[in-house]
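Since the structure comes first, as C-alpha cells, the remarks are kept for the end.
Protein chains: 2
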Amino acid sequence: MSEKRRPTLEDVAEAAGVSRATVSRVINGVRNVDPKLHEIVWQAVDATGYVPNRAARSLVTRRSGTVALVVSDAVSHDDDPFMRRFFADPFFGRIVGGVMSVLRPKGVQLALQIVGTQEARTRLVGDLGQGQADGAVVLSLHPDDTLPQQLCDAGIAAALVGRPAQPVPISYVDLANDAGGALAAEHLLGRGCTRLGMITGPAHVPASQDRLTGFRQALARHGHAWFPIAEGGFTYESGESAMLALMAEHPGLDGVFVANDLMAQGALMALRTRNVRVPDEVAVVGFDDSSAALDARPQLTTVRHPLEDMAAETTRLVLARIDDPSLRVESVIFDPKLVVRQSA
Amino acid sequence: MSEKRRPTLEDVAEAAGVSRATVSRVINGVRNVDPKLHEIVWQAVDATGYVPNRAARSLVTRRSGTVALVVSDAVSHDDDPFMRRFFADPFFGRIVGGVMSVLRPKGVQLALQIVGTQEARTRLVGDLGQGQADGAVVLSLHPDDTLPQQLCDAGIAAALVGRPAQPVPISYVDLANDAGGALAAEHLLGRGCTRLGMITGPAHVPASQDRLTGFRQALARHGHAWFPIAEGGFTYESGESAMLALMAEHPGLDGVFVANDLMAQGALMALRTRNVRVPDEVAVVGFDDSSAALDARPQLTTVRHPLEDMAAETTRLVLARIDDPSLRVESVIFDPKLVVRQSA
DNA sequence: TTGTACGCGTTATCAA
DNA sequence: TTGATAACGCGTACAA
Chain E
1 MSEKRRPTLE
11 DVAEAAGVSR
21 ATVSRVINGV
31 RNVDPKLHEI
41 VWQAVDATGY
51 VPNRAARSLV
61 TRRSGTVALV
71 VSDAVSHDDD
81 PFMRRFFADP
91 FFGRIVGGVM
101 SVLRPKGVQL
111 ALQIVGTQEA
121 RTRLVGDLGQ
131 GQADGAVVLS
141 LHPDDTLPQQ
151 LCDAGIAAAL
161 VGRPAQPVPI
171 SYVDLANDAG
181 GALAAEHLLG
191 RGCTRLGMIT
201 GPAHVPASQD
211 RLTGFRQALA
221 RHGHAWFPIA
231 EGGFTYESGE
241 SAMLALMAEH
251 PGLDGVFVAN
261 DLMAQGALMA
271 LRTRNVRVPD
281 EVAVVGFDDS
291 SAALDARPQL
301 TTVRHPLEDM
311 AAETTRLVLA
321 RIDDPSLRVE
331 SVIFDPKLVV
341 RQSA
Chain X
1 MSEKRRPTLE
11 DVAEAAGVSR
21 ATVSRVINGV
31 RNVDPKLHEI
41 VWQAVDATGY
51 VPNRAARSLV
61 TRRSGTVALV
71 VSDAVSHDDD
81 PFMRRFFADP
91 FFGRIVGGVM
101 SVLRPKGVQL
111 ALQIVGTQEA
121 RTRLVGDLGQ
131 GQADGAVVLS
141 LHPDDTLPQQ
151 LCDAGIAAAL
161 VGRPAQPVPI
171 SYVDLANDAG
181 GALAAEHLLG
191 RGCTRLGMIT
201 GPAHVPASQD
211 RLTGFRQALA
221 RHGHAWFPIA
231 EGGFTYESGE
241 SAMLALMAEH
251 PGLDGVFVAN
261 DLMAQGALMA
271 LRTRNVRVPD
281 EVAVVGFDDS
291 SAALDARPQL
301 TTVRHPLEDM
311 AAETTRLVLA
321 RIDDPSLRVE
331 SVIFDPKLVV
341 RQSA
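These protein sequences, in sequence, are chains E and X.
Number 344 marks the last residue of the first sequence (the UniProt record's numbering); no jumps.
Number 344 marks the last residue of the second sequence (the UniProt record's numbering); no jumps.
As C-alpha cells, this is what we get:
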C-alpha cells in the first residue's frame, strides 16, 4: 500500500538505543525490564509509528491471532429457507456485536465462516487444525450437526452459543430457556389468564424443548395439569397457522405463549384476522425480544434473550481455552428477563 | 493443536526428491516446471498432507490473504436503531454469502469489521494500511460516512456495495435503482392503476432517491405529471404511518410503490387497518425481495435486489485491485427484476 | 529447468 | 537485566 517501508522492531530499537530483544520484551509486557527503558522504548514506538507485524509474530508463536465465528447449518446457505430466517433475525448481528466486544480490545481478528455442507465442515476443521484460526465461536443451527463433535475430536479450542443438540464434551453458553418459559407462564397467570395455550418451536431444537418444559412446569405448579400445544417452525407463517389451529380447537383460550417473536408476530396476525382483541381477549407472550417484538401490533410482551452478553461470554471461553488448552469443558447459563409491552 | 509438527515445504521436497524451491514453484503454479516433476510433487503433497503456512507466506509476500468486510455506520452499533434494522434485514447475510462465494475458492479469509465511531474508522484505516487485510468490501450505511474518502486517501484496495453517498473516487457496485422504480411504475400502470402514490425512503439515501426518480420518470412518460409522496425511514413503522398519511390525504389512490419491503409490510398493515383490500382496491409494490416480502399478507410483489451477485462482484473488484493497484476506479451496475406475487 | 541462498519481522534461547 | 543469535516456513533473485 504505502510507498515507504513499515517500521520494524529494529527501527524502534535503534531509535531507543537498545536491542531488538528488549523492544520485543517491552511490547509483549515481559517482566524483567528496566522501568526506565520501558518508557524510552514506548516513546520510540510512538515516534516511529511502529506496529507489530502479525505474520512475523504468527510465524514464531504459531498463533494466528484470529478467532473464527462459525455458522454451521445442515444444508447450504443459499437453498435453505431457515438460513434466510436465521439472518432475518437480528440474531446474527447481535452475536457479532458480542463477539467483537471482547475480541477487539485484545487485537484479535474475527474470521467469518459459514459452513452448510458436510464437506465444508470437514474442510473447516482441517483449516482450523492447521492454525487458520486459534479457536472458534460456533453457532450450530441444526440438531444433526456433526461439527461440535468434529471440533471436539480435533482438539480445537471452541465453544458454542447455545446448548449442543447432542451431548458432546464441548463448552457452551446458553440461556435458561426453561426459566424463560416459566416467566411467561407466571406473567400470563399473574394477569388473570386461566385458559392457556402454547405455540412451540421445532421439537428437535433444544431451546424450543426447554421453553416448553419451563412453561409446563410453572403451570403445573399452579395446578394447570394440561394445556393445548401447537408446533411451529420458528417462522412467521408457522406461527400464524399454529394460532389459527389453536383457536379452532380451543375457542376459549385467553393466553398464549409463543416460543419466538417471529411466530408470535404471525399469531397476532391470525388473531387480528379472527377479530380477537389482544391482550383483552387473548394475551400473547413471545420470546427473544427481537426486532419483530417491536414491529408487532400490538407490541410484544416477550422474554429477553441476552444474546450479546452470551456471545461475549462464549468468546471469553474460547480465548481462555486458547491460552490454556488443558482447561476443562465448561458451560455458562444466562437468565432471561421478561419485557412487558402491550400484548400481555 | 496437534502433537506432531506440521509438514513443511522441506518435507514435501524430501518426499518428492526435489528441492524446496521446486515444490514452492509447483504449488504456486509458476511456469517453467517439468510436467513430470509437477505430478511427482503433487503426489508428495498429498502423501505428506502438506498445507502452506499462511504466516510464513504472508511474511515474504507481504500479503495477508485476508479481505475485510467492513460495515460502517454513523454511530455505534449498540445504540443505533437503524443498525438493528440493518441486521434485521437479510441484507447482511446475503452480502456475506455473496462475498464468501468468491473468496472461498481462492482461499482468502473474510475478516469482519464493524465500525461505528469516527475513532474506529480511523483505526480501521490504519490497520488496513498496516496490512491487516489486503483489501476491503465496504458497506457504508450513512450519508455522512467519511470512510470511503479515508480509504481512498490511504490508497487501500476497496470497493463499496452501493453507490457512495458523496462523490468519492472509489469503486462500487450498485443496483439500477431508478430502473427498479420504473419497473414498479410500469407494473402498476399495466394492471390498470391510475391514481398512484409512493412511499419513499430517507431523502439522503442515494438508493432511495434513485427509486423515486425512476418511478417518477416512468410515470411522466405515461403522462402522469404528479403523484403524492410520503417519506419513510425504511422501517416497518414508518411505512405504516406513511401509508395512513397517504390514505388520509388522497383517498382515491389505487396503487402504491413503497421503497422497501419492510415499509411495504407496514403499509399493508395500515391498509388492513382501514379495511382496504389489497390488491383489489389498492395495489402495492415493494422493493428488495427480502424475507419481509414473503412474510407479508398478501405476499408482496416487489423489485428484486440481487444482493448476492452484487456482493460477489464487489469482492471481485477488490481482488482485482489487490492484484493490480494501478487499476482504475470502476463501477458495475446491476439490473433489478420484478417479482410478481399477490399484492400487485 | 532446477537448486542455492538470502531475507521477510518476530519470538525465544542462551550467554554475558 | 540485556544483547547476540538462532529458528519459524516460505518466496525468489541468482547462479548453475
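A virtual CB, placed ideally from N, CA and C, is assigned to each residue, including glycine.
Can you name, in chain order, every residue of its own chain whose Cβ lies under 7 Å from the Cβ of L327 (chain X), other than the five neighbours on each side? Only A320, R321 meet the Cβ criterion.
Contained beta strand (DSSP E) runs [length at least 3] in the stretch 137 to 199 of chain X, N- to C-terminal order: Along the stretch 137 to 199 of chain X, the beta strand (DSSP E) occurs as fully enclosed runs of 3 or more residues at 158 to 161, 171 to 175, listed in sequence order.
Taking a contact to mean a Cβ-Cβ separation below 8 Å, would you say S238 (chain E) touches M263 (chain E) in this structure? Going by beta carbons, S238 (chain E) and M263 (chain E) fall inside the 8 Å limit.
Considering only their Cβ atoms, is the gap separating A159 (chain X) from S171 (chain X) smaller than 8 Å? Against a cut-off of 8 Å, the Cβ pair of A159 (chain X) and S171 (chain X) comes out as a contact.
Given a cut-off of 8 Å, decide if A259 (chain X) and V102 (chain X) are closer than it, judged by their beta-carbon atoms. Result no, Cβ atoms of V102 (chain X) and A259 (chain X) do not sit closer than 8 Å.
For R304 (chain E), which option in E:L212, E:V125, E:V71, E:G180 has the closest C-alpha, if you only look at C-alpha atoms? Among E:L212, E:V125, E:V71, E:G180, the Cα nearest to that of R304 (chain E) is on E:G180.
Within chain E, the residues that S24 (chain X) reaches when beta carbons sit closer than 8 Å: Listed along chain E, no residue sits closer than 8 Å to S24 (chain X) by beta-carbon distance, the nearest being about 16 Å off.
Assign D79 (chain E) to one of two classes, buried (16 or more other C-beta atoms within 10 Å of its C-beta) or exposed (fewer than that). Residue placement at D79 (chain E) is flagged as unreliable, the pLDDT there being 44, under the threshold of 50; the coordinate-derived value follows with that caveat. Under this definition D79 (chain E) is an exposed residue.
Taking the alpha-carbon of G214 (chain E) as reference, which of E:A47, E:D11, E:A185, E:D254 has the nearest alpha-carbon? Closest by alpha carbon: E:A185.
Cβ-based neighbour list, T301 (chain X), same chain, cut-off 6 Å, excluding 5 preceding and 5 following: Taken in chain order, the residues that qualify are V285, V340, R341, S343, A344.
By DSSP, does D79 (chain X) sit in helix, in strand, or in coil? Because the pLDDT of D79 (chain X) is 44, which lies under 50, any placement of that residue in the model is unreliable, and the number read from its coordinates should be weighed accordingly. It is coil, neither helix nor strand.
Within 8 Å of any Cβ in chain E, is that where the Cβ of A111 (chain X) sits? Yes, its Cβ sits closer than 8 Å to a Cβ of chain E.
Any beta carbon from chain E within less than 8 Å of I199 (chain X)'s own beta carbon? Not a single C-beta of chain E is nearer than 8 Å to the C-beta of I199 (chain X).
Helix, strand or coil for D288 (chain E), going by three-state DSSP, please let me know. For D288 (chain E), the three-state secondary structure derived from DSSP is strand.
Measuring CB atoms only, is the stretch 241 to 250 of chain E touching the stretch 154 to 168 of chain E, in the sense that at least three cross pairs come out at less than 8 Å? Output reads no: the stretch 154 to 168 of chain E does not touch the stretch 241 to 250 of chain E.
Would you verify that the beta carbon of N260 (chain E) is, or is not, closer than 8 Å to some beta carbon of chain X? Output row for N260 (chain E): interface = no.
Please name the residue, chosen from E:A176, E:G116, E:L147, that lies closest to L128 (chain E) on a Cα-to-Cα basis. That would be E:L147, whose Cα lies nearest to the Cα of L128 (chain E).
Hey, does R216 (chain X) have any beta-carbon neighbour from chain E nearer than 8 Å? R216 (chain X) is outside the set of residues whose beta carbon lies under 8 Å from a beta carbon in chain E.
Check each residue of the stretch 299 to 331 of chain X: if its Cβ is closer than 9 Å to any Cβ of chain E, include it; give the result in chain order. Within the stretch 299 to 331 of chain X, the qualifying residues are E308, P325.
With a threshold of 8 Å between beta carbons, is Y236 (chain X) in contact with chain E? At least one chain E Cβ lies under 8 Å of Y236 (chain X).
Could you please give me the residues that DSSP links to T302 (chain X) through a beta bridge? Answer by DSSP bridge pairing, in chain order: X:G286, X:V339.
Which residues of chain X have a Cβ atom closer than 8 Å to the Cβ of I114 (chain E), listed in chain order? Within chain X, the residues whose beta carbon sits less than 8 Å from that of I114 (chain E) are V96, G97, M100, listed in sequence order.
Helix, strand or coil, according to DSSP, for G255 (chain X) in the structure here? In the structure shown, G255 (chain X) sits in a strand (DSSP, three-state: E or B).
Among the residues of its own chain, which have a CB less than 6 Å from the CB of P81 (chain X), if the five just before and after it don't count? At P81 (chain X) the pLDDT is 45, less than 50, meaning the model places this residue with poor confidence; the figure from the coordinates comes in the next sentence. Around P81 (chain X): no qualifying Cβ.
Of the choices X:I229, X:A47, X:S72, whose alpha-carbon is the least far from that of M198 (chain X)? Measuring from the Cα of M198 (chain X), the nearest candidate turns out to be X:I229.
I'd like to know if the stretch 55 to 74 of chain E and the stretch 51 to 59 of chain X are in contact, where contact means that at least 3 CB-CB pairs between them fall below 8 Å. Enough Cβ pairs lie closer than 8 Å, so yes.
Beta-carbon within less than 8 Å of A47 (chain E)'s beta-carbon, same chain only, minus the 5 sequence neighbours each way: which residues are those? Closer than 8 Å at the Cβ level, and outside the excluded window around A47 (chain E), lie A15.
Can we count D34 (chain E) as close to the ligand ATP, meaning its CB is less than 7 Å from some heavy atom? The ligand ATP is not part of the structure shown, which contains no ligands of any sort.
Looking at the strands, I want to know which residues DSSP matches up with K66 (chain X). Per the sequence shown, residue 66 (chain X) should be read as Thr rather than Lys. In DSSP, T66 (chain X) forms a bridge with X:Q109.
Are the beta-carbon atoms of I156 (chain E) and V125 (chain E) separated by less than 8 Å? Yes, Cβ-Cβ distance for I156 (chain E) and V125 (chain E) is below 8 Å.
CA-CA distance, E330 (chain X) and L317 (chain X)? The alpha-carbon atoms of E330 (chain X) and L317 (chain X) are separated by roughly 8 Å.
Quick check: the Cα distance between E3 (chain X) and P325 (chain E), rounded to an integer number of angstroms? Confidence at E3 (chain X) is low in this model, with a pLDDT of 47, below 50, so its placement is unreliable and the value that follows should be read with caution. The alpha-carbon atoms of E3 (chain X) and P325 (chain E) are separated by roughly 13 Å.
Any C-beta of chain E sitting closer than 8 Å to the C-beta of R195 (chain X)? No, R195 (chain X) lies away from the interface with chain E (no Cβ there is under 8 Å from its Cβ).
Consult DSSP for F227 (chain E) and reduce its assignment to one of helix, strand or coil. It is coil, neither helix nor strand.
Please confirm if M263 (chain E) has its CB atom under 8 Å from at least one CB of chain X. False, the Cβ-Cβ gap to chain X never drops below 8 Å.
Taking the Cβ atom as the reference point for each residue, do P336 (chain X) and L151 (chain X) lie within a distance shorter than 8 Å? One thing to note: P336 (chain X) has its Cβ no nearer than 8 Å to the Cβ of L151 (chain X).
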